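Novice:
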């Protein structure tokens with residue numbers, strides 16, 4: 001079976017579909033500063049939740065729950081916990097790095113019309129889960145796949161998403177009434193945005209730059225240089241991501 | 247700003263792009279049995295690696311590495327480790343459940359032309375990482391986002407992907423020469439496929455069914471019933487995923 005046969009197979013998506021997928025992926029951003037107060041219609045929110053629910057999961061366990069926060073009072077509780085953690089985090093950096101850290105806006109909790117906590121229920125389908133015996137963390141990872149599905153679907157819908165990780169898990173659990181075996185994986189801020197940045201905010205603000213893919217790909221063994229054919233393929237496709245950027 | 251203004255904004259992708267994205271997402275499958283031996287061109291592999299590298303990462307840390315395995319000898323080592331773990335895992339189930347487990351084909355390591363190990367370098371950008379002070383696991387989660395980006399991009403390219411989690415991490419590290427602070431996150435089998443299943447294999451084989459989204463969404467507090475508007479939105483969009491399935 002050659003490439004032409006594959007291209008004609010009903011299971012090969014059209015090049016238009018592929019382009020739409022890549023346009024979504026390469027224009028996704030972590031949003032903190034550009035949220036608008038425009039309400040997010042519940043049917044749009046429903047679509048991105050369906051996208052999250054169609055993530056892969058170990059043993060088809062579907063360990064996720066989605067807690068949607070619209071109430072200002074609940075957001076305010078989470079925002080206070082963020083502020084406490086952010087002040088502690090700033091102390092980890094020194095001198096110019098700390099000054100730069102303090103200038104960054106790192107969360108849009110109160111600005112974003114929707115906040116969403118995605119949690120993992122570690123006992124969703126009993127103690128023994130197909131595929132989790134040797135990697136017990138697989139349910140956590142499945143839940144992260146749901147986060148990423150949602151993040152991309154939001155971009156396809158024109159919604160910005162920011163992931164807030166500067167917060168104590170216990171504070172978050174308390175604010176949202178989460179107990180027991182339930183693990184908060186991601187606290188997300190969601191809303192329409194003024195604009196999506198052309199580059200990741202931490203890059204454009206000089207915090208850290210994108211690495212070259214060449215440094216990150218190896219052949220056969222970890223850390224080993226990649227084979228010449230693959231290196232040529234990567235070099236040949238170097239402009240591929242930018243071709244899809246707005 | 248109303249919905250019409252948003253729809254006209256340059257940052258709102260076209261409905262064709264959105265459809266291409268959703269068609270990719272809802273037709274993605276965990277593939278174990280349908281791999282073809284057709285070689286995967288290196289430029290196609292390069293594109294899905296670029297997609298993975300454009301995942302979000304905490305503090306723009308980009309903690310991932312990609313070890314591409316084409317060699318039969320390396321695959322064979324990993325396959326032996328899988329077989330050992332799979333025999334142990336089968337013992338966790340009893341009676342009919344065990345019989346059913348043993349009938350499932352759970353990995354395509356040797357069949358798939360490409361194997362890929364995605365790892366996380368926990369010290370990629372020094373000990374202090376923006377956004378990781380309170381959630382040290384964020385670098386692992388960032389790497390999972392790269393896995394999911396790659397999985398979806400592969401589907402857009404007509405490639406099937408399967409995630410092998412039935413393996414001892416130490417065996418995997420040994421087979422691939424991974425040491426120190428490097429954590430293997432995902433071992434993936436990648437290749438063109440005979441077909442993509444209409445439903446997840448574990449569902450069609452009666453292992454476990456997809457849950458209703460209604461059970462999984464809550465409002466304001468974890469476990470609380472969702473508000474009426476959101477419930478109506480979810481009910482209204484119930485056919486949304488199926489509309490994109492092939």
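Chains as they are written, first to last, in our numbering: chain A, 1 to 246; chain B, 247 to 492. Beta carbons: idealized from backbone N, C-alpha and C, even for Gly. No experiment lies behind these values; they were computed from the predicted model shown.
1. I need the straight-line Cα distance from residue 278/B to residue 301/B, nearest angstrom please.
2. When the cut-off is 9 Å and only beta carbons count, does residue 44/A lie next to chain B?
3. Within 10 angstroms of its Cβ, does residue 263/B collect 16 or more other Cβ (buried), or is it exposed?
4. Determine the DSSP secondary structure at residue 408/B, reduced to helix, strand or coil.
5. Does the CB of residue 435/B have a neighbour CB from chain A at under 9 Å?
6. How would you call residue 480/B, buried or exposed, if buried means at least 16 neighbouring beta carbons within 10 angstroms?
7. Compare the C-beta of residue 463/B against all C-beta atoms of chain A and say whether one is closer than 9 Å.
8. Spatial neighbours of residue 143/A within its chain, please: C-beta separation below 7 Å, excluding the five flanking residues on both sides.
9. Who does residue 218/A pair with in a DSSP beta bridge?
10. Show which residues of chain A have a CB atom less than 7 Å away from the CB atom of residue 366/B.
11. I need the straight-line Cα distance from residue 40/A to residue 285/B, nearest angstrom please.
12. Specify the secondary structure class of residue 487/B as computed by DSSP and reduced to three states.
13. Kindly indicate if chain B contains any beta-carbon less than 9 Å away from that of residue 167/A.
14. May I ask you to report which of helix, strand or coil DSSP gives residue 49/A?
15. Helix, strand or coil for residue 86/A? Go by DSSP, reduced to three states.
16. Can you find a CB in chain B that lies within less than 9 Å of the CB of residue 58/A?
17. Can you grab the Cα-Cα spacing for the pair residue 114/A / residue 349/B, in whole Å?
18. Could you check the C-alpha separation between residue 320/B and residue 418/B for me, to the nearest Å?
19. Leaving aside the five residues before and after residue 280/B along the sequence, list all residues of the same chain whose C-beta is less than 7 Å from its C-beta, in chain order.
20. Quick one: grab the DSSP three-state call for residue 60/A.
21. Straight-line CA distance for residue 258/A to residue 270/B?
22. Against chain A, does residue 486/B count as a neighbour if the rule is that its beta carbon must be under 9 Å from one of theirs?
Specialist: The relevant details are as follows:
1. Counted from its first residue, the second chain places residue 278/B at position 32. Counted from its first residue, the second chain places residue 301/B at position 55. Distance between the alpha carbons of residue 278/B and residue 301/B is about 25 Å.
2. Locating residue 44/A in the first chain gives position 44, where the first residue counts as 1. Chain B contact via Cβ: present.
3. For the purposes of this step, residue 263/B is taken as residue 17 along the second chain, with counting starting at 1. By the neighbour-count rule (16 or more Cβ atoms within 10 Å), residue 263/B is buried.
4. Taking the second chain and counting its residues from 1, one reaches residue 408/B at position 162. It is a strand residue.
5. As a first step, residue 435/B must be located in the second chain, where it is residue number 189. No, residue 435/B lies away from the interface with chain A (no Cβ there is under 9 Å from its Cβ).
6. Working through the second chain from its first residue, we reach residue 480/B at position 234. Answer is buried; the Cβ neighbour count reaches 16.
7. What you label residue 463/B is simply residue 217 of the second chain in a count that begins at 1. Output row for residue 463/B: interface = yes.
8. Position 143 of the first chain, counted from the start, is the residue given in the question as residue 143/A. The answer, listed in chain order, is 63, 64, 118, 120 and 185.
9. Position 218 of the first chain, counted from the first residue, corresponds to residue 218/A. Looking at the DSSP assignment, residue 218/A forms a beta bridge with 225/A and 313/B.
10. One-based indexing of the second chain puts residue 366/B at position 120. The contacting residues do not exist; residue 366/B stays about 11 Å from chain A at best.
11. Taking the first residue of the first chain as position 1, residue 40/A is located at position 40. Taking the first residue of the second chain as position 1, residue 285/B is located at position 39. Those two C-alpha atoms are separated by around 44 Å.
12. The sequence position of residue 487/B within the second chain is 241, counting from 1. Residue state, collapsed to three classes: helix.
13. The count along the first chain starts at 1 and reaches residue 167/A at position 167. Yes, contact with chain B.
14. Counted from its first residue, the first chain places residue 49/A at position 49. Looking at residue 49/A - three-state DSSP - the assignment turns out to be helix.
15. If you number the first chain from 1, residue 86/A lands on position 86. Helix.
16. Position 58 of the first chain, counting from 1, holds the residue named residue 58/A. Yes, because at least one Cβ of chain B sits closer than 9 Å to the Cβ of residue 58/A.
17. Stepping through the first chain from its first residue, residue 114/A is reached at position 114. Stepping through the second chain from its first residue, residue 349/B is reached at position 103. Cα-Cα distance, rounded: 44 Å.
18. Indexing the second chain from 1 puts residue 320/B at position 74. Indexing the second chain from 1 puts residue 418/B at position 172. Taking the straight line from one Cα to the other gives about 10 Å.
19. As a first step, residue 280/B must be located in the second chain, where it is residue number 34. Hits under 7 Å: 406, 439, 440 and 441.
20. Against the first chain, residue 60/A aligns to sequence position 60. Correct three-state label for residue 60/A: helix.
21. Outside the shown range of chain A, which is 1 to 246, sits residue 258/A, and nothing can be said about it.
22. Against the second chain, residue 486/B aligns to sequence position 240. Yes, contact with chain A.
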